[in-house]
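Q: Let me give you the structure first, and then I'll get to my questions.
Residue numbers (this note's numbering): -15 to 273.
Quick look at the structure:
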């Protein structure tokens, strides 16, 4: 079997809707959103699938007044990041993450920073939030986005910002957070170079590697790291680079079970599991490596 072989889950995502894809320890989350009342409200349809066999688990419909741009899940609750507009130099700490539960519906909200472009829940249920360069260089005094990356810990059922910074390095642009079995990886740009910073589950830096590529997602399996690369022209994810030492890379193909090449429009990963949506809006799941 090929190293990166994806199984067709026979799930078609509605191509007319905007789609968000994410993963947890045990689930694939597919959120499709549709505007109503000329953008005054949104209907968000959330479907859960098992991330080992692709089995349908549950579905929910959530109505919001603002556009959801990221979704994560902790226990039975969904964290919905909504799109906000910010003015340069003007402080605005209105909530932009909302927690929704099928039993309690919306029950908590908090401000997590300006121009968020990355969210990830780790094994300890902590939330890692990264920001693009507009948020990092927001010119707002004491703005939490200027750190580049923040960690929010779950205490007594509520998320609280860690008072100390996550990374001691200057971050110019944050890309994404990746979770492996025993570590957290921060992927960002600093002083003109891309870096992957490895932390243990307590947040202590274990290593920091300069990465000469730009990736859309990555997974770690045993000693190997697989970087999924988005093509600069087509913007599809169609290539993977594998490394064991962060210095030399071997190109890997992305194939279905029939040995045919795949190109993904979206990809989500968690530890050594990965799911993607292809050009035909079909949901695929990475076979066990």
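Even for Gly, the Cβ is constructed at its ideal location relative to N, Cα and C.
1. Taking its Cβ as the centre, do 16 or more other Cβ atoms sit within 10 Å of residue 56, making it buried, or is it exposed?
2. Where does residue 98 land, buried or exposed, given buried means 16+ other C-beta within 10 angstroms?
3. Taking buried to mean at least 16 other C-beta atoms within 10 Å of its own C-beta, is residue 106 buried or exposed?
4. Please classify residue 41 as buried or exposed, where buried requires at least 16 neighbouring CB atoms within 10 angstroms.
5. Are the Cβ atoms of residue 170 and residue 180 separated by less than 9 Å?
6. The alpha helix (DSSP H) with residue 118 in it runs from where to where?
7. Give every residue of the same chain whose Cβ lies closer than 6 Å to the Cβ of residue 274, excluding the five residues on either side of it in the sequence, and list them in chain order.
8. Answer yes or no: do residue 135 and residue 167 have a C-beta to C-beta separation smaller than 9 Å?
9. Going straight from the alpha carbon of residue 229 to that of residue 72, what length do you get?
10. Pick helix, strand or coil for residue 253, following the three-state DSSP scheme.
11. From the DSSP output, read off the bridge partner residues of residue 177.
12. Using C-beta distances below 6 Å, list every residue in its chain close to residue 153, excluding the 5 sequence neighbours before and after it, in chain order.
13. Looking at the strands, I want to know which residues DSSP matches up with residue 104.
14. Considering only residues of the same chain and omitting the five flanking positions on each side of residue 101, which have a CB-CB separation below 7 Å?
15. List the DSSP bridge partners of residue 56.
16. Where are the beta strand (DSSP E) runs, 3 residues long or more, that stay fully inside the stretch 188 to 264, in chain order?
17. Is residue 110 near residue 132, with beta carbons less than 9 Å apart?
A: So, to answer that:
1. buried
2. buried
3. buried
4. exposed
5. yes
6. Per DSSP, residue 118 belongs to the alpha helix (DSSP H) from 117 to 120.
7. For the chain, the structure presents residues -15 to 273; residue 274 sits outside this window and is missing.
8. Contact flag unset, no.
9. Taking the straight line from one Cα to the other gives about 41 Å.
10. strand
11. The beta-bridge partner set that DSSP reports for residue 177 consists of 174.
12. 174
13. 112
14. 114, 115, 116, 158
15. 63
16. 189 to 195, 201 to 205, 208 to 214, 221 to 227, 234 to 236, 248 to 254, 257 to 262
17. No Cβ-Cβ contact shorter than 9 Å links residue 110 with residue 132.
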